[in-house]
Every structure is written in structure tokens, then in C-alpha cells.
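This report concerns only the one structure given below.
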Amino acid sequence: MYLITAKYSSDSERKRIEYVIDKWRDRKKITKPDGVVAIVADNNIEDLLVELYSRTERENVSFYRIEEEHLEVTETKKEIRLKIGERRETAEKLLDFIMARQRATLKMESPESHQKVYEVISRKGKVEIILNIRGNANETDVIIRISGYGEVVDFIHDKLAEELKLLEG
311 MYLITAKYSS DSERKRIEYV IDKWRDRKKI TKPDGVVAIV ADNNIEDLLV ELYSRTEREN
371 VSFYRIEEEH LEVTETKKEI RLKIGERRET AEKLLDFIMA RQRATLKMES PESHQKVYEV
431 ISRKGKVEII LNIRGNANET DVIIRISGYG EVVDFIHDKL AEELKLLEG
């Protein structure tokens with residue numbers, strides 16, 4: 311039995327998390343606890359239970375022994391490399407347009423290293439896309455690294471590869 315906590319920073323992120331929990335509810339026998347949920351780090355909880363029992367019905371209180379688990383789930387990474395027969399500035403604008411078509415959000419930009427970090431959230435999940443753009447007067451080398459968990463990485467990789475075919479020269 312596992313207790314899973316998932317923090318979120320927006321209502322849309324909460325809904326995405328709840329969607330996953332609901333999707334797996336029957337297959338993994340998932341239930342949400344009723345009432346107040348708390349994690350107590352102290353192993354001696356008898357005095358706490360006595361006080362809880364004094365304030366509510368004993369049948370209303372359940373407690374379980376849990377310990378934090380560290381499972382290694384491997385992040386999936388894919389890469390696309392291409393040469394664009396344009397100046398770096400032009401290629402960068404074209405790539406920005408393609409990222410906008412993917413509804414990518416720019417998370418970070420480093421003009422010194424010619425790198426941009428995007429985040430794409432789709433129905434299949436969330437990925438991070440790192441663009442490295444190096445170029446000269448008539449040709450630009452682009453490396454696109456896509457990372458995330460599950461099928462979304464292949465999905466976004468394939469979409470981007472298809473769109474980028476048109477730019478390669």
C-alpha cells in the first residue's frame with residue numbers, strides 16, 4: 311500500500327493530476343482518504359491518538375505505518391539534429407514559430423549559449439524541450455532535446471520531427 315502526495319501550483323495542474331488518479335482508480339485500487347490527512351514523523355503517537363479519540367469517535371480515526379519510498383522511474387529523452395540553410399537569427403524565428411504552434415511556454419533563455427528551454431503540456435503529458443542553436447552567415451545547426459515521462463516524449467518528438475522536415479536544407 312502506498313500513500314502518494316502530488317503538489318501542484320495551479321488549478322489546471324491539479325486537474326491533470328486528478329485525471330491520472332481517476333484513470334488508474336480501478337486498475338490500482340486507488341481510494342482517496344476521507345477527512346483530515348496528516349503524516350506524523352514521530353514513531354510514538356499514542357498520546358496523539360488518546361487526544362484524537364477524546365475529541366471524536368474512535369471509529370472515525372484510522373492510522374497506518376508508512377515509510378517514504380524512492381522508486382527510480384527513468385526519464386525518456388529524445389533528440390533531433392538538423393541543419394537549416396539560414397542565418398541563426400532567421401532560424402531562431404522559425405523555431406520560435408514552431409514552438410508557438412506546439413503551445414510551448416518559454417521557461418528560460420540564455421543568449422550567451424544560444425539556448426532556449428520550453429515546456430509543452432499536452433493531453434498526453436508534459437515535456438521539456440531544450441533548443442541549442444549555433445549558426446553562421448548561411449547555415450544553422452540545431453539540436454533539440456525532448457525529455458519527460460511516458461508516451462508524450464515520442465508524441466512530441468514525432469510532431470516536431472514532421473514540422474522540422476520542412477526547414478531542413
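Numbering (the working numbering), first residue to last: 311 to 479.
Glycine included, C-beta positions come from ideal geometry on N, C-alpha and C.
- Runs of beta strand (DSSP E) lying entirely within the stretch 335–412, each at least 3 residues, in chain order: Within the stretch 335–412, the complete beta strand (DSSP E) runs of at least 3 residues are 386–394.
- Query: Just how far apart, CA to CA, sit residue 349 and residue 338?
  - Reply: The straight-line gap separating the alpha-carbon atoms of residue 349 and residue 338 is approximately 22 Å.
- Query: First and last residue of the beta strand (DSSP E) that includes residue 441?
  - Reply: Here the beta strand (DSSP E) through residue 441 covers 435–445.
- Message: Among the candidates 393, 378, 432, 358, whose CA atom is the shortest distance from the CA of residue 411?
- Response: Ranking 393, 378, 432, 358 by Cα distance to residue 411 puts 432 first.
- Query: Between the C-alpha atoms of residue 379 and residue 316, what's the straight-line distance to the nearest angstrom?
  - Reply: Spanning the two alpha carbons is a distance of roughly 14 Å.
- Query: For the 8 Å Cβ check, are there 3 or more pairs between the stretch 380–390 and the stretch 418–432?
  - Reply: Remark: fewer than three beta-carbon pairs, one from each stretch, lie closer than 8 Å, so the stretch 380–390 and the stretch 418–432 are not flagged as touching.
- Item | Where residue 449 sits in the DSSP three-state scheme | Residue 449 falls in the coil class under three-state DSSP.
- How long is the line joining the alpha carbons of residue 330 and residue 396, rounded to whole angstroms? Cα to Cα, residue 330 sits roughly 43 Å from residue 396.
- Find the nearest neighbour of residue 558 within the set 327, 367, 454, judged by alpha-carbon distance. Here the chain comprises residues numbered 311 to 479, so residue 558 is not present and cannot be evaluated.
- Around the Cβ of residue 443, are there at least 16 other Cβ atoms within 10 angstroms (buried) or fewer (exposed)? Result: buried.
- Item | Boundaries of the alpha helix (DSSP H) in which residue 470 is found, first to last residue | Where residue 470 is concerned, the enclosing alpha helix (DSSP H) stretches over 462–474.
- Please look up how many angstroms separate the CB atoms of residue 463 and residue 388, rounded, as I've assumed it's under 8 Å. Yes, they are in contact, since the Cβ atoms of residue 463 and residue 388 sit about 6 Å apart, within 8 Å.
- Message: Quick check on this structure: which residue in 476, 459, 470, 436 has the alpha carbon closest to the alpha carbon of residue 326?
- Response: The shortest C-alpha separation from residue 326 is found at 436.
- Query: Mapping DSSP to helix, strand and coil, what is residue 423?
  - Reply: Looking at residue 423 - three-state DSSP - the assignment turns out to be coil, as it is neither helix nor strand.
- Whole-angstrom C-beta distance between residue 477 and residue 392, which should lie under 8 Å: Correct: roughly 7 Å between the Cβ atoms.
- Taking residue 470 as the reference, give the member of 360, 440, 450, 460 with the closest Cα. With distances taken between Cα atoms, residue 470 lies closest to 440.
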